[in-house]
Structure formats: structure tokens, C-alpha cells
Amino acid sequence: MNTTLCARVRVNRLLDREQPMTSPPFANKIASAGPVASNALQDASPRRRVVSAATLVVGAGVLAWSLRLPPGDALFYPGTLLLALTWIGGARLSGPLPPRHRRTGESRLRVLAEALAAGLILVTIFLVGAVVVSLVPALATPVQEFLDHARKGNLLLVAAITAANGLAEELFFRGALFAALPRRWQLAETTVAYTVVTALSGVPLLALAALLLGVVVALQRRATSGLLASVATHLVWSLGMLLLLGPTLSTASRLMH
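The numbering of the sequence shown is our numbering, which starts it at 877 and goes up by one.
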């Protein structure tokens, strides 16, 4: 009996030497998560929430003021530039921002191509919708007044400011604000916040556009875990609307009348 027991003890000791030491399951999960786990804890910090909320309030006020300026007003350019700086500053102060691209298995070029295609599809949808808008003065008039900023100003400068604001909005809404929210609310709350803020411009069509665009870019943000796709789609859409919406509304109005 004693001989058998001793033999078993020796075998168990040999097995213990050969088997590598393993960490508890929970420790393995944390280790495998690496930077993602630490980023998730950092994203949930009170600082990010407070800074994001404050930026949202300030940015909404600046947007409401700048886009309600009369076309040709000298304050329009510094006002819209201040808006872009507000979104960018809030995004930076809130904490680390997500990378440009983190989706595994796909190159950045493919993600960029898909994003550009999504932007072109959105532009096409809204240009078709512009034909309907031209029949409703209550919707067409605010859009025409909004586009007067480009007609009466320097188009290249307006385009540059439009692109800067598109980038800034993505850094804040799909960057800082998206990261500050619980996962189950990220899509809905960032889209609602973006739509409400845009509605302060006084242009109903822009609010509708913000709703649809917000859904698309929020889905891209979640799918890619980065900002490359949402930024590219937003820039294509915003510049396409700036350059093509006015002529489309004018042409549709002439054809209908």
C-alpha cells in the first residue's frame, strides 16, 4: 500500500513540473484584452462624461449662433471656425480618442472605399429628396437661406470650413461622446444628440440629414472601432451637399414651375 502511494505522489510531482502554470480565467481575460480593457475603463471616467456634456452645451450654442448669422456677415467665418475648435477641443480634453482604424481582416484602403461609397449613396438620396423639398416652400426656403452663405461668400473658404467642421463633429460625436456612453446607448444617444444640436440651425432638412447621417456613421464607428470610416463618409456627404444641393434645388424648382 505504501509503495503504491509513494509511486502516485512521485507521478503527480512529475506532472506538476511538466504542466505550465496558468493564470485564473479572469486574469487571462484581462491579459488578453490588453490596452482595450484599460481604454474601456478610461472611457467610462467621470472626466470624459463631464467634458463631453459641457462641450455639447457650448457647441450647441455656438452652432445656433453662427448658422443664424445673415449671409455675408463677417462673423460667419470666425463663428464656424470657433464651432470646429469647440468640438475638437472638447474631444481632446475628454481623454484619448479612438484610432483611425482597428477592424481586423480588412485594409484601411478597403474601409476607406466603403466609407466613400456610403457617403456618395447618402448624397444621392438627399439630392433625390431635394426635388421633393423644392415643392414645399417651408422646407426649401430655410435651405436656400442656409446655402446663401456659400453663394455670397468665398466658396473655397466655406468648403474648407465645412470639411473642418465635419472632421471636428466626428472627433467629438463619434469619438469622445460615443466613448463616454454605455455600449447599449452609443448608437441612439450620439445620433439623437447630433440631430438635436443640428436642429438648432433652424433648417429642418439639416436636422433630418443629421438623423440619417448620424445613424450611418455611428454604425461605422461601432463596426470599425475607429474614426476613419465615419470621417470619410461625413466629409463626402457634407461637401456633396454644399456643392450640389443648391443647384439641384434650383433646377428642380425651374422644372416644376
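Where is the CB? At the ideal position from N, CA and C, for every residue including glycine.
Keep in mind the model is a prediction, meaning the values are calculated, not measured.
First through last residue of the alpha helix (DSSP H) which encompasses residue i
i        : result
Ser-1129 : 1104-1132
Pro-1080 : 1080-1100
Leu-1031 : 1031-1045
Val-1007 : 984-1009
Pro-1018 : 1013-1027
Leu-1064 : Sequence check: residue 1064 is Ala here, not Leu. Where Ala-1064 is concerned, the enclosing alpha helix (DSSP H) stretches over 1062-1075.
Whole-angstrom distance between residue j and residue i, CA atom to CA atom
i        : j        : result
Asn-1041 : Leu-961  : 8 Å
Ser-1077 : Leu-1011 : 21 Å
Arg-1059 : Glu-1046 : 17 Å
Pro-1123 : Arg-923  : 45 Å
Leu-1043 : Gly-965  : 12 Å
Ser-1106 : Val-1072 : 19 Å
Gly-971  : Ala-1056 : 10 Å
Leu-1053 : Lys-1028 : 34 Å
Ser-928  : Leu-1087 : 20 Å
Leu-1003 : Val-926  : 38 Å
Ala-1085 : His-1110 : 11 Å
Leu-863  : Ile-1001 : Since the first residue shown for the chain is 877 and the last is 1133, residue 863 is missing from the structure and cannot be characterised.
Glu-1021 : Met-1132 : 20 Å
Ser-921  : Arg-1130 : 55 Å
Ala-930  : Leu-969  : 11 Å
Ser-1126 : Leu-1023 : 11 Å
Gly-1051 : Thr-1100 : 12 Å
Arg-1098 : Asp-949  : 39 Å
Ala-1036 : Ala-940  : 20 Å
Val-1079 : Leu-996  : 22 Å
Ala-1026 : Pro-947  : 8 Å
Ala-936  : Pro-1013 : 26 Å
Leu-1005 : Thr-1017 : For clarity, residue 1005 is Gly in the given sequence; the question names Leu instead. One C-alpha to the other measures close to 15 Å.
Val-1009 : Trp-1061 : 32 Å
Neighbourhood of residue i by C-beta, 8 Å cutoff - its chain only, sequence neighbours within 5 removed
i       : result
Val-999 : Val-1112, Trp-1113, Gly-1116, Met-1117, Leu-1120
Leu-958 : Val-938, Ser-942
Ala-967 : Thr-931, Leu-973, Ala-1044, Leu-1047, Phe-1048, Gly-1051, Ala-1052
Same chain only: Cβ atoms within 7 Å of residue i, ignoring 5 sequence neighbours per side
i        : result
Thr-1038 : Ser-1114, Leu-1115, Leu-1118
Val-887  : With a pLDDT of only 42 at Val-887, under 50, the local geometry of the prediction cannot be trusted, and the value read off the model is given with reservation. Excluding residues within five positions, none has a Cβ falling inside 7 Å.
Val-934  : Thr-962
Leu-945  : Leu-951, Phe-952, Gly-955
Val-1092 : Ala-994, Leu-998, Thr-1109
Cβ of residue i within 8 Å of any chain B Cβ
i        : result
Val-1073 : The structure shown contains no chain B, having only a single protein chain.
Reduced DSSP category for residue i - H, G, I as helix; E, B as strand; rest coil
i        : result
Leu-957  : helix
Arg-968  : helix
Ser-921  : coil
Leu-1057 : coil
Arg-944  : coil
Ala-936  : helix
Ala-1052 : helix
Ala-929  : helix
Whole-Å CB distance - residue i paired with residue j, under 8 Å assumed
i        : j        : result
Val-1007 : Ala-1128 : 4 Å
Pro-953  : Leu-1033 : One point to set straight first is that residue 953 is Tyr, not Pro, in the sequence displayed. With 8 Å as the limit, Tyr-953 and Leu-1033 qualify as a contact, their Cβ atoms being about 7 Å apart.
Leu-1081 : Leu-1015 : 6 Å
Ala-1094 : Leu-1063 : 5 Å
Own chain partners of residue i with C-beta closer than 6 Å, once the 5 adjacent residues on each side are dropped
i        : result
Phe-1049 : Thr-1066, Tyr-1070
Leu-943  : Ser-1077
Ala-1075 : Ala-1083
Val-1068 : none
Gln-1096 : Ala-1105, Ser-1106
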